[in-house]
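The structure appears right after this line, and notes come after that.
Residue numbers (the numbering used here): 5 to 351.
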């Protein structure tokens, strides 16, 4: 494929991006000689320690292959088959995981509350309690939210505390989908602990793959009781990697020298730059504030078709009447300029 074709793919997803140099160099660096397997190598120990230092707390860390596994297995430690999971209508566990959370919890029901165009509020959580019919309904036991959200919005530390306090007041545990957690930190300019366990999060799906790494997904248990016997669950579900040093390297290459922050800042900045350009084009309307590396915009159907026919790639979200554009760690201003130029030509 040509370089031109590759560049036109980039606004579809941060998953389309390559791995950054520091990650690839770290993978090469660990690929020398022999090492023990299944997570017991020195690099895995180091990566787990670095994640603990990143969050400034003693937590349990398990590496998995992808975000779906991280979410579904996190929830499986919280929920029994008769339990309910409270989440947002746009959440990944509701929309994009092919029933994996229900499968690995052996039948827990997902309840969706909230507005597609807004973040969760405490009243959205408590609403389910007033609609429950005792043993005739699935018993809510978990509140799950995304940080940043599927539409790129970020919860503040104060908002997280309020949500977690409401959930805990009902005896529920709290799960955070942190596939784009790095982007949220870069936008908020706060510490990782303030956006996670300090606010009340019990377990987190922690993602690095979208931020310039390879296969860098982890489950972080801030409530260590939930991690009891998780090693067996990890193995049984095919998530225990034999040559685990390469998973560790994918994390170390991001965490060392705050490469993660450089990557996330660039992705966020390019999305803001793209949004600024889109606001100047008649017929284009942004649906949400642009807080991280994702933006949603409505545009004429003929414009979208012309861009897609020309090789540009981005996703349609018909439920909210918008197209999604995503910037990555390696998106450049000149890439954005070229995209904007083609949009202007086709409006």
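Idealized CB from N, CA, C, for every residue including glycine.
Query raised in the report: Cβ atoms of residue 120 and residue 93: under 8 Å apart, would you say?
Result: Their beta carbons are under 8 Å apart, which means residue 93 touches residue 120 by this criterion.
Query raised in the report: Measuring CA to CA, which of 345, 158 and 105 is closest to residue 198?
Result: Of the candidates 345, 158 and 105, the one whose C-alpha sits nearest the C-alpha of residue 198 is 158.
Query raised in the report: Three-state secondary structure (DSSP) at residue 182?
Result: Reduced to three states, the DSSP call for residue 182 is strand.
Query - Cβ-based neighbour list, residue 6, same chain, cut-off 8 Å, excluding 5 preceding and 5 following - result: Note that residue 6 has pLDDT 45, beneath the 50 cutoff, so the model's placement of it is unreliable and the number below is only indicative. Answer for residue 6: no residue qualifies.
Query raised in the report: What is the rounded straight-line gap between the Cα of residue 135 and the Cα of residue 250?
Result: Answer to the nearest angstrom: the Cα atoms are 47 Å apart.
Query raised in the report: Between which two residues does the alpha helix (DSSP H) harbouring residue 34 extend?
Result: Taken as a continuous stretch (DSSP letters only), the alpha helix (DSSP H) holding residue 34 covers 25-34.
Query - Option nearest residue 65 by Cα separation, candidates 216, 268, 206 and 333 - result: Residue 65 has its Cα closest to that of 206, out of 216, 268, 206 and 333.
Requested in this report: Report buried or exposed for residue 297, applying the criterion of at least 16 other Cβ atoms within 10 angstroms of its Cβ.
Outcome: Its Cβ being crowded by 16 or more others within 10 Å, residue 297 is buried.
Query raised in the report: Which residues in the same chain as residue 154 place their Cβ atom closer than 7 Å to its Cβ, once the five residues preceding and following it in sequence are excluded?
Result: Once the five neighbours on either side are set aside, the close Cβ partners of residue 154 are 94, 95 and 96.
Query raised in the report: Helix or strand or just coil, what does DSSP make of residue 113?
Result: Three-state DSSP puts residue 113 in a strand.
Query raised in the report: CA-CA distance, residue 162 and residue 39?
Result: Across the structure, residue 162 and residue 39 are spaced so that their CA atoms are roughly 44 Å apart.
**Report entry** Beta-carbon spacing of residue 85, residue 111 below 8 Å
**Finding:** Contact flag set, yes.
Query raised in the report: Which of helix, strand or coil does DSSP assign to residue 91?
Result: Of the three classes helix, strand and coil, the one that applies to residue 91 here is strand, per DSSP.
Query - Closest residue to residue 177 among 129, 332, 295 and 285 (Cα-Cα distance) - result: The option with the nearest alpha carbon to residue 177 is 129.
Report task. Assign residue 57 to buried or exposed, taking buried as 16 or more other Cβ atoms, counted over all protein chains shown, within 10 Å of its Cβ. Result -> By the 10 Å Cβ count, residue 57 comes out exposed.
Query raised in the report: Is it true that the CB of residue 50 sits closer than 8 Å to the CB of residue 256?
Result: The answer is yes: Cβ separation under 8 Å.
Query raised in the report: Nearest to residue 195 by alpha carbon, out of 45, 235, 160 and 260?
Result: Closest by alpha carbon: 160.
Requested in this report: Could you please give me the residues that DSSP links to residue 286 through a beta bridge?
Outcome: Beta-bridge annotation (DSSP): residue 286 is not paired with any residue.
**Report entry** Beta-carbon proximity of residue 239 to residue 41, cut-off 8 Å
**Finding:** No Cβ-Cβ contact shorter than 8 Å links residue 239 with residue 41.
Query raised in the report: For the beta strand (DSSP E) that residue 211 lies in, which residues bound it at each end?
Result: 207-211 is the span of the beta strand (DSSP E), which, as asked, contains residue 211.
Query - the ligand ATP heavy atom lying under 7 Å from the CB of residue 125 - result: Only the bare structure without any ligand can be found here, which leaves the ligand ATP out of the picture.
Query raised in the report: How many Å lie between residue 273 and residue 115 at the Cα?
Result: Answer to the nearest angstrom: the Cα atoms are 34 Å apart.
Query raised in the report: Do the region 320-332 and the region 13-31 meet, that is, are 3 or more Cβ pairs less than 8 Å apart?
Result: As far as the Cβ criterion goes, the region 320-332 touches the region 13-31, which means the pair count is three or higher.
Query raised in the report: Hey, is the region 260-278 in contact with the region 221-235, meaning 3+ C-beta pairs nearer than 8 Å?
Result: Segments in contact, no.
Requested in this report: With DSSP collapsed to three states, give me the class of residue 291.
Outcome: The three-state reading of DSSP puts residue 291 in coil, since its state is none of H, G, I, E or B.
Query raised in the report: Candidates 324, 243, 83 and 293: which alpha carbon is nearest residue 179's?
Result: Residue 179 has its Cα closest to that of 83, out of 324, 243, 83 and 293.
Query raised in the report: Are at least three pairs of beta-carbons, each pair with one atom in the region 262-271 and one in the region 181-188, less than 8 Å apart?
Result: Short answer: they touch.
Requested in this report: Note down the Cα distance separating residue 125 from residue 46, rounded to an integer number of angstroms.
Outcome: In this structure, the straight-line span from the alpha carbon of residue 125 to that of residue 46 is close to 43 Å.
Query - Reduced DSSP secondary structure (H/G/I, E/B, other) of residue 325 - result: In the structure shown, residue 325 falls within a coil segment according to DSSP collapsed to helix, strand and coil.
Query - Delimiting residues of the beta strand (DSSP E) encompassing residue 146 - result: Per DSSP, residue 146 is one residue of the beta strand (DSSP E) stretching across 143-150.
Query - Own chain, CB closer than 6 Å to residue 252, minus 5 neighbours either side, in chain order - result: Hits under 6 Å: 47, 48 and 51.
**Report entry** Nonlocal neighbours in the same chain, by C-beta distance under 6 Å from residue 316, ignoring five residues either side
**Finding:** Taken in chain order, the residues that qualify are 12.
Query raised in the report: Got a sec, what are the start and stop residues for the alpha helix (DSSP H) residue 38 sits in?
Result: Note, residue 38: premise wrong, no alpha helix (DSSP H); not H, not E.
Requested in this report: Measure how close the beta-carbons of residue 72 and residue 106 come, nearest whole angstrom, since I'm counting them as under 8 Å.
Outcome: Not quite, the Cβ-Cβ distance comes to about 12 Å (not below 8 Å), so this is no contact.
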